[in-house]
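**Q** Chains as they are written, first to last, in the UniProt record's numbering: chain E, 1 to 314; chain H, 1 to 314; chain R, 1 to 314; chain C, 1 to 314; chain A, 1 to 314; chain V, 1 to 314.
Where is the CB? At the ideal position from N, CA and C, for every residue including glycine.
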């Protein structure tokens with residue numbers, strides 16, 4: 001798998017393992033069914049069509065299956081499309097796994113955990129420190145593999161932990177410039193603000209919302225968890241309520257799903273740190289394949305704007 | 001106290017006990033301080049001014065003090081004003097109490113509790129029934145005396161319980177007409193939806209917001225309490241999450257402070273029942289003193305509208 | 001017609017009469033035309049495709065035609081689709097009519113009329129009673145068969161009358177709980193509020209907007225009609241204007257097409273009763289085929305929300 | 001009355017008849033009542049205070065009274081204020097009337113009626129012509145003296161007729177440039193669009209809203225009147241409905257009280273003509289007393305903007 | 001080219017030169033590519049499909065190519081579609097040019113230039129006159145051929161100049177009725193308000209946005225140009241800033257891209273003149289092919305409204 | 001001036017020099033004028049009243065005058081008020097100046113200039129560097145003393161330069177964490193983004209808007225200046241347009257006065273950096289005098305929110 005999918009150009013023939021990202025059935029005008037596959041590796045994805053398929057094929061090539069495919073890269077309305085010559089599902093002898101084909105955070109789980117542990121270690125307020133450590137430990141497994149969202153930003157394996165690490169680094173830099181900020185509170189709020197996603201979302205791949213996620217949402221889930229943690233740890237200081245407020249208000253506005261708007265300085269700044277990191281992630285990914293002098297595609301979560309890459313950037 | 005404050009007319013002299021609702025200090029143009037008092041009994045309130053006051057007076061006539069006052073009812077810009085001849089604070093011998101002067105729900109606490117108990121008794125779903133009974137018992141004392149809000153609707157002693165009783169009766173009538181509704185869920189949601197107010201608000205009189213009320217709000221507080229109750233009662237059914245959703249979404253829209261919009265039929269209807277009862281309360285109070293053929297004052301919580309009382313209503 | 005269309009499962013073969021709801025022409029990639037039919041009976045509808053069709057076919061199978069069809073029920077992207085083996089238009093000998101295949105209110109016209117007549121009979125205000133009776137009589141024929149809307153809620157034959165009956169029952173229950181409400185005014189406003197739809201809409205089936213409906217709308221049409229009725233009946237009391245106000249304001253907000261917002265208590269409550277009945281109708285229909293533990297499709301008229309059916313509901 | 005009120009400068013003494021525009025009672029810090037009067041002639045108005053007044057004074061100097069006053073013009077916080085030396089109500093011998101002191105349209109009633117009659121005369125469509133003539137005749141008396149609004153624009157005696165004349169002239173100029181416009185429809189719509197104000201408003205001076213104005217509004221009132229007129233004149237063409245639509249939609253947007261948005265070309269343009277004439281009237285009045293190089297006061301009906309008078313304008 | 005494309009009816013065969021407006025590649029369900037062409041002459045456009053095409057065809061029939069085509073006009077879902085029998089690109093011997101097939105302003109460039117020159121000649125303020133003349137001369141070439149927009153209104157060759165001429169005529173008519181308006185300022189503002197479009201847009205045909213157009217926009221571009229012009233002409237009066245303000249604010253509201261809202265009377269009126277002319281253009285074009293008694297298609301730039309053509313208009 | 005104004009408590013007598021911030025004339029109910037003064041030093045301000053004043057006094061104690069005052073600090077409705085015993089304007093012998101009494105940035109002008117110079121020095125892109133240096137030099141004098149706004153944030157002497165320095169430090173920290181950001185572009189955009197305020201605002205003290213500020217605004221002014229600078233320096237690269245775009249879009253949304261929304265990554269981030277620094281400034285100032293466990297006053301520019309200072313902060 002030395003050459004990534006996105007490195008092939010129109011006219012080239014490829015033969016490689018790929019992961020089926022989505023599989024959609026269509027019925028052609030001759031009445032026969034076909035499958036629209038989206039195939040991916042870590043470098044990106046490509047569309048491919050299988051004609052005259054059976055019900056069996058629909059089962060064989062469903063999402064999250066690894067396949068071996070041979071085909072030609074073609075141009076279709078300015079986007080690449082794969083014309084399949086041969087395709088088969090991978091078998092145990094192929095020695096490939098789903099995780100080889102999905103995008104993952106650029107830092108290892110160990111590295112991220114080590115950085116976060118250091119931030120917790122630096123905290124001076126024992127109440128905040130204990131609650132944070134307790135909850136991180138409780139949901140550690142999901143925290144390290146879940147994405148931060150189903151789309152828009154950090155929507156990859158370990159995206160949640162990576163988002164938290166980036167925010168912590170940003171928080172440290174900002175708090176050094178504005179010393180009136182309470183670092184402990186900021187760090188604690190950042191580590192917990194999206195942790196409820198391990199219950200709101202279904203898992204690291206092909207992520208959807210759970211029923212609990214739809215009906216309560218990650219914010220409410222985590223506010224409850226903080227309350228429970230405080231009780232279990234027998235902590236009664238105002239830190240509990242203030243930390244709950246940070247999580248509760250981190251979407252910033254009522255119409256964005258915050259039950260309360262930020263009413264504490266660190267809550268306001270946490271909202272900004274969350275935004276800056278999410279936007280940098282979206283912008284970097286959107287501009288990744290854009291050439292200088294051109295505009296990106298429209299980005300829904302950035303009010304549907306296109307972004308320009310200046311010609312003097314290269 | 002046979003004749004109520006609101007029954008006096010311009011030109012009459014009154015002598016009666018009244019409660020100081022608010023007391024505001026002013027400085028007159030001769031440089032001397034004066035006090036603007038608002039005095040009330042259960043029938044309503046009236047403004048009065050004390051001239052050339054001392055710092056001592058400011059202490060003596062502060063809010064929640066009962067006073068004995070003698071004065072003349074005058075007309076000032078179309079509103080009544082009291083010209084004070086004599087005033088003194090009540091003393092123990094007067095045998096009057098604050099509660100004699102504040103508006104209270106038209107049903108007794110016993111009567112309300114008895115009705116609510118009956119609704120709980122009728123529930124068939126044991127999980128909903130047990131959680132509801134547990135929390136109502138836990139916060140029973142506050143529930144029976146708190147107002148439902150600091151202003152706008154049911155802003156009187158026991159307003160919260162009275163609002164709940166009215167909503168339950170309304171829910172029963174509606175559920176009888178639309179039998180697909182789950183009565184147990186509706187009753188349970190109604191009884192708990194505003195119960196967090198006993199922590200969000202300071203108390204039954206001169207009500208303000210607590211710090212917890214400001215930072216978390218009654219919705220989040222009660223969602224947490226339902227979670228805790230379920231744990232204590234060892235209840236694990238989906239009823240817990242669904243009931244939390246009803247409380248969470250009862251303001252109907254994100255911009256009105258619901259962290260989630262209603263996604264369950266009973267949640268949607270609960271929001272409507274809450275609205276209808278609150279609006280009927282506001283409208284009845286606003287139109288109480290309006291004569292047929294005239295408009296009420298503008299009602300802020302009803303988008304600042306004035307309401308007309310038709311001439312054929314009397 | 002013992003087994004309804006919605007009762008067939010994937011893999012079964014059906015032979016039955018069905019109504020063509022819509023018929024859309026397509027051109028396949030071989031350049032030949034085909035027809036996409038939606039076929040319905042009272043239980044629901046299903047999509048079917050006819051390949052290689054002639055201009056003649058487009059005429060034969062147009063909307064509102066009853067056909068006899070033989071085919072196989074298949075699964076296509078999670079939705080049912082009918083694979084047609086044989087199809088022909090119904091003929092007089094088949095003895096089937098369009099009305100056998102369209103959804104209709106669950107109460108008979110006689111039953112609905114009888115209930116409404118009783119409400120009118122109970123009115124004590126002669127002015128309101130006479131205007132209401134006059135207009136209901138004038139537009140009785142359309143009132144009993146028109147839908148309440150072209151989509152969203154009560155969009156079936158006799159939907160308008162059924163909506164009015166439900167609202168009257170709801171109004172009675174509410175007015176019993178809040179005795180300050182003027183029942184006569186509420187009943188009268190409910191009966192007339194949507195009556196203008198018999199001029200705004202084209203008819204009970206395949207309903208569209210008339211030119212008058214587009215340019216004036218049912219609210220303005222009915223306000224004019226009330227004025228005319230009062231003149232013809234020589235009624236001059238304030239009831240005329242107040243009743244016009246109830247109709248004028250029943251959409252509640254200017255941006256929803258109310259020329260005035262409600263400024264009379266009964267107008268405000270009428271708006272709520274209209275809402276609750278419309279929403280219950282939408283919710284019950286949306287959740288009809290949803291299994292416990294699943295979400296409905298998104299409902300456009302409910303701000304595009306999905307609704308969840310709890311697992312403890314069955 | 002050769003020198004207008006607005007021509008006096010700070011330091012001058014004036015003696016003249018003026019009209020009491022408003023009279024508000026205050027209570028001074030010595031406990032004695034005073035009156036705040038706003039006095040006006042056609043050139044503008046000024047505030048004045050009467051100290052130590054009796055209940056009798058409040059009656060004597062109420063709104064719409066003409067008074068003879070002698071006093072000094074002073075500067076108070078950048079605005080003029082009148083220090084009263086002597087004041088008395090006018091008596092019959094003074095030979096002055098209210099109408100001498102109120103602003104009136106710059107054209108005489110005869111002149112305006114003559115221009116409008118000419119526009120009606122030019123119409124070629126008999127249906128539009130007859131309805132317009134009928135309604136103008138029916139409400140002629142009010143039409144010639146009412147203001148076009150209680151505030152914001154054309155809020156003076158005969159403002160309604162003057163607004164209509166200006167709009168007709170504007171419509172003629174525009175229709176000459178865009179010949180696809182139907183002049184008859186435009187003229188007819190303009191003449192009738194605000195005619196309902198003679199029922200919505202109380203009269204030409206100290207104008208307030210009538211109950212009918214509040215509950216139905218001038219738009220609904222006039223749409224009804226057009227329907228009645230057509231019936232009385234036995235006119236059945238589509239012109240009736242189209243003309244009703246023009247009146248119905250002339251506020252342009254639902255949230256501005258149009259029950260329908262414009263759906264006919266002339267309805268759209270009528271809305272613009274109404275706007276341009278109203279704004280020119282507001283702007284000319286707001287800039288009347290502004291010196292080049294300065295900004296006007298904020299104008300509420302123009303989104304609270306201030307307008308600048310360039311230095312090269314004089 | 002005596003008979004225009006829009007004059008052919010269903011069932012007729014045509015043979016004529018047409019311009020390829022757009023060309024989109026599709027892939028049919030048999031895996032073979034096809035082209036969807038939109039072909040136009042000055043009377044309108046029609047869709048046509050070419051089946052089984054080669055990569056060569058995609059090059060040959062790309063946008064802005066003139067072709068000779070023979071085919072049959074067919075009805076497809078209520079819209080016309082062309083079934084191609086023969087097609088070939090035009091060659092030099094055919095003696096046809098792109099400009100023969102594109103819509104152009106109804107006035108010649110000379111005629112428009114002559115009218116505008118006359119308006120400039122009439123200006124009395126030398127500063128405004130010199131700046132206007134200077135910039136019009138500088139961008140004369142583009143000004144006379146560019147459209148006023150890429151869509152919505154005046155989106156044809158010379159649309160910009162035509163829009164300006166219409167606005168000038170409208171301004172003259174309005175200023176004659178409201179003599180307080182500064183004609184020089186209005187004329188100058190109108191001539192320059194959209195002139196930045198010659199840099200914002202790519203050219204007169206197949207118009208897109210330039211990078212400068214996207215990043216700065218025509219308003220900012222022209223405000224800068226006015227500043228530069230004033231410097232080059234050594235003009236220092238307030239007219240420079242005021243004229244910049246007129247251009248800056250001509251979209252009327254911040255959310256429509258005005259960096260400032262109008263704060264000068266002529267700026268406010270310029271915004272209205274721009275609107276009226278744009279809307280008349282949109283409405284006339286939308287209603288061109290609509291029959292009396294029918295509605296136009298929805299017009300996106302008019303809040304998605306449909307417009308009705310009355311039956312008494314013909 | 002060892003003890004600051006804000007350090008006095010109720011009941012203390014003070015004698016010190018203070019600056020008159022505002023002076024407003026009132027007329028007392030005895031008909032005599034009085035002056036409401038707001039007096040300030042660097043620690044804050046206090047209200048004081050002068051009774052029975054002459055026109056002479058109004059001149060003597062106008063804004064920006066330094067006075068020597070002797071008086072008593074009193075409590076008036078929870079706020080401090082000064083009861084004046086003696087007051088006189090300062091004279092040359094007093095050796096005090098306005099600048100001694102106004103709040104100033106916590107860094108010296110030299111220190112700020114030195115930091116900014118270092119940032120410019122570090123730039124590698126010569127086009128950005130030269131334009132930035134040129135414009136900073138041109139407006140250096142105003143840049144170092146102007147506030148960043150008339151209210152809300154950095155509304156003190158040298159607030160503009162201080163805001164820029166803080167933003168530069170923040171930008172450096174962020175760019176170090178997100179290396180895809182172009183530091184040169186960010187620094188350049190930050191230094192110039194608000195520089196137009198030296199023309200938009202009147203000066204460092206008692207700051208108001210200039211006519212140019214009202215009609216064009218600081219954004220448009222600076223975009224023009226960048227264009228001019230590029231011309232004078234003969235720079236033609238895309239950097240000019242991109243830098244103009246950063247300034248043009250730095251308010252982030254059209255409705256906040258950005259003529260374009262950010263379409264370049266650094267423009268988006270510049271908007272965030274501006275926000276974070278402004279909010280930290282507002283929050284620190286609002287919470288300065290708030291005690292732990294209490295809420296600040298409502299902050300208009302933060303959507304009117306109150307902020308809480310946790311009890312564990314001290």
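For the UniProt domain "HD" (163-279) of chain E, list every residue whose C-beta sits within 8 Å of some C-beta in chain R, in sequence order.
**A** So the close ones are 211, 214 and 215.
**Q** Does any residue of chain H bring its CB to less than 8 Å from the CB of residue 154(R)?
**A** Judged by the 8 Å Cβ criterion, residue 154(R) is not in contact with chain H.
**Q** Under the three-state reduction of DSSP, which class applies to residue 217(A): helix, strand or coil?
**A** Looking at residue 217(A) - three-state DSSP - the assignment turns out to be helix.
**Q** Inspect the beta-carbon positions of residue 208(H) and residue 117(H) and report whether they are closer than 8 Å.
**A** No. Outside cutoff.
**Q** What would DSSP say about residue 114(C), mapped onto helix, strand or coil?
**A** In the structure shown, residue 114(C) sits in a helix (DSSP, three-state: H, G or I).
**Q** For residue 167(C) and residue 190(C), which I take to be in contact (beta-carbon distance under 8 Å), what is that distance rounded to the nearest angstrom?
**A** About 5 Å; that satisfies the 8 Å criterion.
**Q** Give the secondary structure of residue 232(R) by DSSP, where H, G and I count as helix, E and B as strand, and everything else as coil.
**A** Helix.
**Q** Compute every distance between the C-beta of residue 86(A) and the non-hydrogen atoms of the ligand COA, then say whether any falls below 7 Å.
**A** Absence of the ligand COA is noted for the structure shown, with no ligands found whatsoever.
**Q** Taking 6 Å as the limit between beta carbons, can you name the residues of its chain near residue 128(E), skipping five residues before and five after?
**A** Excluding positions up to five away in sequence, the list reads 184, 188 and 239.
**Q** Quick one: is residue 180(H) buried, meaning 16 or more other Cβ sit within 10 Å of its Cβ, or exposed?
**A** Residue 180(H) comes out exposed.
**Q** According to DSSP, which residues form a beta bridge with residue 42(H)?
**A** Paired residue(s): none; residue 42(H) is not in a bridge.
**Q** With distances taken from CA atoms, which of 39(E), 295(E), 54(E) and 205(E) is nearest residue 48(E)?
**A** Nearest of 39(E), 295(E), 54(E) and 205(E) to residue 48(E), Cα basis: 39(E).
**Q** Among the candidates 234(A), 264(A), 255(A) and 197(A), whose CA atom is the shortest distance from the CA of residue 243(A)?
**A** Closest option to residue 243(A), Cα to Cα, is 264(A).
**Q** For the beta strand (DSSP E) containing residue 297(H), list its first residue and its last residue.
**A** It is not in any beta strand (DSSP E) - residue 297(H) carries neither H nor E in the DSSP assignment.
**Q** Name the one or two DSSP bridge partners that residue 321(R) has.
**A** The question about residue 321(R) has no answer here: the residues shown for chain R are numbered 1 through 314.
**Q** Which chain V residues are close to residue 311(E), counting only those with a beta carbon under 7 Å from its beta carbon?
**A** Under the 7 Å cutoff, chain V gives 238.
**Q** When the cut-off is 8 Å and only beta carbons count, does residue 125(V) lie next to chain E?
**A** Yes - at least one Cβ of chain E is within 8 Å of the one on residue 125(V).
**Q** Restricting to runs no shorter than 4 residues, where is the alpha helix (DSSP H) found entirely within the stretch 133-182 of chain A?
**A** Runs of the alpha helix (DSSP H) inside the stretch 133-182 of chain A: 140-145 and 159-177.
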